[in-house]
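What follows is one structure encoded as structure tokens, with my remarks underneath.
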Amino acid sequence: MIPPTSNDGKSLMEASTEHRIRLLAIAIEGLDSVDAALLLECLPESISTRVGQSLKELGEISPHERRLAIETIEGLMASVPESAPPETEYAESEPPATTENQNRSAFHVAELHAAELHAADVDSRELPQQSASTKVDRLASNDSVPRSLLLESQPIEVVASVLSEQRPIIIATVLRHVPSRLGQSIVQRLEIGLAKAALEWIPKLSPTPELVLDEVLSGIESQVLQLRSANESRDQGDEKMRELLSVLKVSEEVPTLNFEEMNGPTSSPSISAIPQAYLAPSTTGPVSTDPATAFVIPLHRKTDREELLAQLLGLDDLDLLRVLYSHSVDDVKRFLAGANKAMRSRIEKLTPPNALKRLRRELATVPIVEEKTWREIAGRMEQTAHELQPEPSLRIPA
Numbered sequence: 110m111i112p113p114t115s116n117d118g119k120s121l122m123e124a125s126t127e128h129r130i131r132l133l134a135i136a137i138e139g140l141d142s143v144d145a146a147l148l149l150e151c152l153p154e155s156i157s158t159r160v161g162q163s164l165k166e167l168g169e170i171s172p173h174e175r176r177l178a179i180e181t182i183e184g185l186m187a188s189v190p191e192s193a194p195p196e197t198e199y200a201e202s203e204p205p206a207t208t209e210n211q212n213r214s215a216f217h218v219a220e221l222h223a224a225e226l227h228a229a230d231v232d233s234r235e236l237p238q239q240s241a242s243t244k245v246d247r248l249a250s251n252d253s254v255p256r257s258l259l260l261e262s263q264p265i266e267v268v269a270s271v272l273s274e275q276r277p278i279i280i281a282t283v284l285r286h287v288p289s290r291l292g293q294s295i296v297q298r299l300e301i302g303l304a305k306a307a308l309e310w311i312p313k314l315s316p317t318p319e320l321v322l323d324e325v326l327s328g329i330e331s332q333v334l335q336l337r338s339a340n341e342s343r344d345q346g347d348e349k350m351r352e353l354l355s356v357l358k359v360s361e362e363v364p365t366l367n368f369e370e371m372n373g374p375t376s377s378p379s380i381s382a383i384p385q386a387y388l389a390p391s392t393t394g395p396v397s398t399d400p401a402t403a404f405v406i407p408l409h410r411k412t413d414r415e416e417l418l419a420q421l422l423g424l425d426d427l428d429l430l431r432v433l434y435s436h437s438v439d440d441v442k443r444f445l446a447g448a449n450k451a452m453r454s455r456i457e458k459l460t461p462p463n464a465l466k467r468l469r470r471e472l473a474t475v476p477i478v479e480e481k482t483w484r485e486i487a488g489r490m491e492q493t494a495h496e497l498q499p500e501p502s503l504r505i506p507a
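Shown next, in the form of structure tokens:
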């Protein structure tokens with residue numbers, strides 16, 4: 110007899126998975142529309158999509174297939190206690206064994222069945238050449254370094270935050286497979302009703318298959334790592350902003366470039382301190398009205414706006430931030446809305462990553478600023494830059 114090749118093994122696994130999905134679809138097809146919709150929502154997205162597609166392509170169902178689907182579901186239900194509490198309610202006492210509770214137990218069984226299908230599907234797609242002995246070795250290696258230890262190494266607040274978004278049956282499964290000390294810490298951080306519902310599930314859970322347990326714990330671990338990374342990025346952005354504020358000696362209540370208080374009213378003491386003579390029209394030098402002596406702008410000469418922006422872009426990062434911090438939030442928004450791409454890119458690089466989207470959104474909502482108004486704002490910022498610059502002899506050489 111010719112032994113099956115790896116491709117043959119992969120095909121057999123895929124065929125088996127498709128057959129089990131079809132049986133699950135046949136079983137769901139026998140439910141009413143409400144129960145079927147609820148059950149599909151409980152399934153993982155990858156399995157739910159394939160079951161939904163299979164429901165559309167069921168075609169003719171033989172009596173043998175329908176009987177086999179019923180026997181499969183009944184066999185799975187035999188391993189679940191009939192008095193198991195509903196996973197979506199926080200009951201004070203155990204509910205009677207009504208038809209609704211039995212249906213919800215069936216939902217739990219179908220979820221476990223779907224998780225087994227998902228695990229088999231992952232094995233068939235990602236590990237096509239693994240033999241049965243290789244899978245046993247992989248499970249043995251997982252037992253030697255259980256995922257519960259990986260969860261124990263993560264911040265308990267992050268783990269509890271992720272589990273608080275899960276269903277009680279999932280929380281109970283995790284609690285049953287983590288050290289007691291870690292489980293107690295998790296329960297203490299959960300909402301009381303959710304913690305009670307999860308604890309009621311623990312003594313009534315049947316033994317969880319290893320592939321299903323690995324799938325559940327790996328999903329929780331992935332969410333924990335993602336949330337921890339997001340928290341660390343936010344903390345780094347906040348730390349960078351605090352360092353800038355400490356260097357500039359600016360109170361955290363003053364609006365900053367992260368626009369945390371941009372929508373509130375702000376004052377601009379720096380503008381009121383500018384001499385009124387600067388705001389008045391310039392009278393230095395004679396103004397000629399003779400066409401023969403009139404000033405002509407060369408074709409290659411930069412515009413006044415580009416010259417103003419070029420002077421501000423010539424500042425180092427710290428001086429540029431000091432200039433912007435010296436003006437009101439409204440003036441900063443109107444200035445940046447009318448600035449060129451180089452200035453806006455420079456400001457975006459100085460903005461913490463967690464505030465970048467909000468910065469772009471705020472600038473996009475700024476009304477179009479008239480040229481005269483924008484020049485006045487830019488002129489005041491240029492004046493502020495000159496006031497903040499030390500004498501050349503006092504500058505520290507680079």
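Each residue of the sequence shown is one higher than the last, beginning at 110 in the working numbering. Backbone N, C-alpha and C fix where the C-beta goes; we use that ideal spot for every residue, glycine too.
Taking contact to mean 3 or more Cβ pairs, one atom from each stretch, closer than 8 angstroms, check whether the stretch 328 to 336 and the stretch 288 to 308 are in contact. No contact exists between the stretch 328 to 336 and the stretch 288 to 308.
At least three beta-carbon pairs within less than 8 angstroms, the stretch 460 to 477 to the stretch 427 to 434: In the pairwise beta carbon analysis, the stretch 460 to 477 is classified as not touching the stretch 427 to 434: fewer than three pairs are separated by under 8 angstroms.
Task: Cα-Cα separation between residue 276 and residue 149, rounded to whole angstroms - done: Distance between the alpha carbons of residue 276 and residue 149 is about 15 angstroms.
Taking the alpha-carbon positions, what's the residue 338 to residue 344 distance?
Between residue 338 and residue 344, the C-alpha separation is close to 10 angstroms.
Requested in this report: Check whether the stretch 450 to 457 touches the stretch 487 to 500, counting contact only when three or more Cβ pairs, one atom from each stretch, lie closer than 8 angstroms.
Outcome: Flag = no, the stretch 450 to 457 and the stretch 487 to 500 do not touch.
For residue 300, three-class secondary structure by DSSP: Of the three classes helix, strand and coil, the one that applies to residue 300 here is coil, per DSSP.
Fill in: Under the three-state DSSP convention, the category residue 170 falls into
In this structure, residue 170 counts as coil in the three-state DSSP scheme.
Could you give the DSSP three-state label for residue 447: helix, strand or coil?
In the displayed model, residue 447 falls within coil according to three-state DSSP, outside both helix and strand.
Is residue 451 buried or exposed, if buried means 16 or more other CB atoms sit within 10 Å of its CB? The residue is exposed, with fewer than 16 neighbouring Cβ atoms inside 10 Å.
query = Hey, quick one: how far does the alpha helix (DSSP H) through residue 492 stretch, first residue to last?
reply = Its alpha helix (DSSP H) spans residues 480 to 497.
Subject >> residue 341 in three-state terms, based on DSSP >> reply: In this structure, residue 341 counts as helix in the three-state DSSP scheme.
Problem - Nearest-angstrom Cβ-Cβ length linking residue 179 and residue 136, presumed shorter than 8 angstroms - result: Yes, they are in contact, since the Cβ atoms of residue 179 and residue 136 sit about 7 angstroms apart, within 8 angstroms.
Counting C-beta neighbours from all protein chains within 10 Å, is the total for residue 477 16 or more, i.e. buried, or is it exposed? Residue 477 should be labelled exposed.
*When you compare each of 483, 287, 421 to residue 78 by their alpha carbons, which one comes out closest?*
Nothing about residue 78 can be reported from this structure: the residues present for the chain run from 110 to 507 only.
key: Opening and closing residue of the alpha helix (DSSP H) in which residue 427 lies   = It spans 426 to 434 - the alpha helix (DSSP H) in which residue 427 sits, taken as one unbroken run.
Residue 294 versus 174, 263, 279, 320, residue with shortest Cα-Cα distance:
Nearest Cα to residue 294 within the set 174, 263, 279, 320: 263.
Checklist line | residue 488 to residue 351 span [Cα, whole Å] | finding: One Cα belongs to residue 488, the other to residue 351, and the distance between them is close to 29 angstroms.
Self-check item: Alpha-carbon spacing of residue 166 relative to residue 139, whole angstroms
Solution: Approximately 15 angstroms, taken between the alpha carbons.
Original post:
Is the beta carbon of residue 63 sitting closer than 9 angstroms to the one on residue 311?
Top reply: Residue coverage of the chain in this structure runs from 110 to 507, which leaves residue 63 outside it and unanswerable.
Using DSSP with H/G/I as helix, E/B as strand and the rest coil, what is residue 475? DSSP places residue 475 in the coil class of the three-state scheme, outside both helix and strand.
To the nearest angstrom, report how far apart residue 394 and residue 348 are at their CA atoms. Because residue 394 sits at a pLDDT of 47, beneath the cut-off of 50, its placement in the model cannot be relied upon, and the following sentence gives the value as read from the coordinates. In this structure, the straight-line span from the alpha carbon of residue 394 to that of residue 348 is close to 50 angstroms.
Practice task
Just the C-alpha distance for residue 163 and residue 274, rounded to the nearest angstrom, thanks.
Solution key: Their Cα atoms are separated by approximately 29 angstroms.
Can you tell me whether residue 164 is helix, strand or coil according to DSSP? Three-state result, residue 164: helix.
Check: So, is residue 353 buried or exposed, given that buried needs 16 or more other C-beta atoms within 10 angstroms?
Finding: Residue 353 should be labelled buried.
request  = With DSSP collapsed to three states, give me the class of residue 316.
outcome  = Three-state result, residue 316: coil.
- Message: When you compare the CB positions of residue 417 and residue 470, do they come within less than 9 angstroms of one another, or not?
- Response: In this structure, residue 417 keeps its C-beta atom at 9 angstroms or more from the C-beta atom of residue 470.
Problem - Neighbourhood of residue 475 by C-beta, 7 angstroms cutoff - its chain only, sequence neighbours within 5 removed - result: The beta carbon of residue 475 lies closer than 7 angstroms to those of 442, 443, 446 in the same chain, with the five residues before and after it left out.
Item checked: With 16 other Cβ atoms within 10 Å as the buried cut-off, status of residue 438 -> Under the 10 Å beta carbon count, residue 438 is surrounded by 16 or more other beta carbons and is classified as buried.
Hey, quick one: how far does the alpha helix (DSSP H) through residue 265 stretch, first residue to last?
Secondary structure note for residue 265: its alpha helix (DSSP H) is the uninterrupted segment 265 to 272.
query = Which first and last residues belong to the alpha helix (DSSP H) in which residue 278 is found?
reply = Its alpha helix (DSSP H) spans residues 277 to 285.
query: residue 411 by DSSP, collapsed to three states: which one?
result: Since pLDDT at residue 411 reaches only 46, below the 50 mark, its modelled position is unreliable, and the value read off the structure follows with that caveat. In the three-state reduction of the DSSP assignment, residue 411 falls in the coil class, being assigned neither a helical nor a strand state.
Checklist line | Proximity to residue 279 [Cα-Cα], best of 290, 298, 128, 321 | finding: When only C-alpha atoms are compared, the closest one is 321.
- Query: Just the Cα atoms here: how many angstroms apart are residue 170 and residue 157?
  - Reply: Distance between residue 170 and residue 157, taken at the CA atoms: about 20 angstroms.
Checklist line | Integer Cβ distance of residue 325 from residue 283, believed to fall under 8 angstroms | finding: Here residue 325 really is in contact with residue 283; their C-beta atoms are around 7 angstroms apart, less than 8 angstroms.
Determine the DSSP secondary structure at residue 460, reduced to helix, strand or coil.
DSSP, reduced to helix, strand and coil, places residue 460 outside both helices and strands of the structure shown, so it counts as coil.
TODO: From the DSSP output, in three-state form, read off residue 423 for me.
DONE: The answer is coil: DSSP assigns residue 423 none of H, G, I, E or B.
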